[in-house]
Amino acid sequence: MTTIAQIQFFPDQASKMAGQVDTLLVWLILLTGAVTFAIAAVMIFFLAKYRKRAAADRTPPKAENLAIEVTWSVIPFFIFLGLFGWGAKIYFNESIDPKNAMEVHVVGKQWMWKLEHLQGKREINELHVPLGQTVKLVMTSQDVIHCFFMPAFRIKEDVLPGRYTTQWFKATKAGTYSIFCAQYCGTNHALMTGQVIVMTPTDFAAWLKTGRETVSVAQRGEQLFHSLGCSGCHAAQAAVRAPLLEGIYGSQVPLADGRIVHADERYLRDCILIPNTQIVAGFDPVMPSFQGRISEDDLFAIITYLKSIGSSPPEANIPNR
Ligand code: HEC
Ligand SMILES: [Cu+2]
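Okay, here's the thing in structure tokens:
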């Protein structure tokens, strides 16, 4: 149970980003607070000065003072525009796709978080991560809208059915921090919590080896790629003319309708579930939809496999076993 003494004014700061967000927030509170108090002070002053019984001079002033009016408009304008710029900078920094990140898959469902590391290790309501390593979460929901919220890293992002959303963080302090679902998602929403456990890289490597033996997500994806029949069309020697998928991730794909799209996780997902919405230029729309035939876990695995086959030639892609 949380006691009064444990309630913190600010949650732990477990990343650099957390400090940046807090500094901005403190400045925002100070500035808006200063404006609020200044206006209140002037109001109270005039209330007292011109109260009914006071013998104050009540003739309306004749002069308008342009200089004062311009000053009190322009200075706050630039101050608050500056705050906006500062906030936007942090926001964009949080929104970019991080480089060299360790990826973790997150599936929200009523009422738990299912997480999977690329090595194949799975967790429920717990996320183990190494200290000092950028972690990218690729998230989706199996049912309703959830929201993956980790206050100690000041990040929060909706987790939506039928779509991938991402967020990233880099822990700078070992420890155990809370995970919440921050979007009301039904009866047990309040119980949809978990923990991030930040460990030293060595401890993390040891932790990954615990539990039962797992195949990597990419390997599982490769097996699915064959068992679901994708390779029947997408292999180099296939009878159907379909695009080769080596190096597809991160590339620019020209579509039949003239658009050029960036092949990210979202694009690959849509190609598999709703292929008719984006036909690759120069190919016939013969790919069947796999909607309803593939679980979110398996879809993640196939996409991870497609990402892993990079831009190298196909024969170099036999994963080490
Ligand atoms: C019947 C043959 C066929 C099967 C089976 C098939 N595809 Fe396709 N796929 C195609 C064709 C043809 C295209 C190009 C036209 C289009 O975009 O729909 C395509 C396009 C794609 C694209 C977009 C490629 C690009 O260059 O942007 C991806 C990704 C993809 N398929 C993945 C898969 C996966 C994963 C599976 C298995 C779950 C699969 N396909 C099964 C025929 C097939
Ligand atoms: Cu939820």
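According to the numbering used here, the sequence shown is numbered sequentially starting from 10.
Ideal Cβ positions, reconstructed from N, Cα and C, are used throughout, including at glycine.
Predicted model only: the values in this text are computed from it and were never measured.
Scanning the segment 208-284 from its first residue to its last, the whole alpha helix (DSSP H) runs of 4-plus residues come out as 210-218, 226-236, 239-243 and 274-282. A residue is called buried when at least 16 other Cβ atoms come within 10 angstroms of its Cβ; M52 does not meet this threshold and is exposed. Using a Cβ distance threshold of 8 Å, K145 and A180 do not count as a contacting pair. Collapsing the DSSP output to three states places Q176 in a strand. Three or more Cβ pairs closer than 8 Å define a contact, and the segment 147-162 falls short of that threshold against the segment 220-232. Here the distance from the Cβ of L277 to the nearest heavy atom of ligand 1 is below 7 Å. By the Cβ neighbour-count rule, L277 is buried, with 16 or more other Cβ atoms within 10 Å of its own. With contacts defined by Cβ atoms closer than 8 Å, K218 and A191 do not form a contacting pair.
Closest by C-alpha distance to V168, out of D273, A310 and E305, is E305. Cβ contact annotation for T286 (same chain, cutoff 7 Å, sequence separation greater than five): D279, in chain order. For K145, the three-state secondary structure derived from DSSP is strand.
Around the CB of S24, 16 or more other CB atoms lie within 10 Å, so the residue is classed as buried.
Three or more Cβ pairs drawn from the segment 196-203 and the segment 115-126 lie within less than 8 Å of each other, which places the two stretches in contact. Annotated as proximal: Q204 and S187, with beta-carbon spacing under 8 Å.
Here E305 is not bridged, per DSSP, to any residue.
Rounded to the nearest angstrom, the gap between the Cα atoms of I84 and V44 is 12 Å. Residues lining ligand 2 by the Cβ criterion, that is a Cβ closer than 5 Å to any of its heavy atoms, are H155, C190, C194 and M201 in chain order. The beta carbons of M208 and L136 sit about 11 Å from each other, so the pair does not count as a contact at 8 Å. Contact between the segment 290-309 and the segment 249-259 is present: three or more C-beta pairs spanning the two stretches fall below 8 Å.
Rounded to whole angstroms, the separation of the alpha carbons of K108 and L127 is 16 Å. In this structure, the alpha-carbon of V262 lies about 44 Å from that of V35. With a threshold of 7 Å, the Cβ atom of D306 does not count as near ligand 1, since no heavy atom of the ligand is closer than that. Relative to I206, the option among R62, R60, Y100 and V138 whose CA is nearest is V138. In the displayed model, I88 falls within a helix according to three-state DSSP.
Here Y186 is bridged, per DSSP, to V205. Here the alpha carbon of G291 sits roughly 17 Å from the alpha carbon of A244. Bridge partners of L136 according to DSSP: V205.
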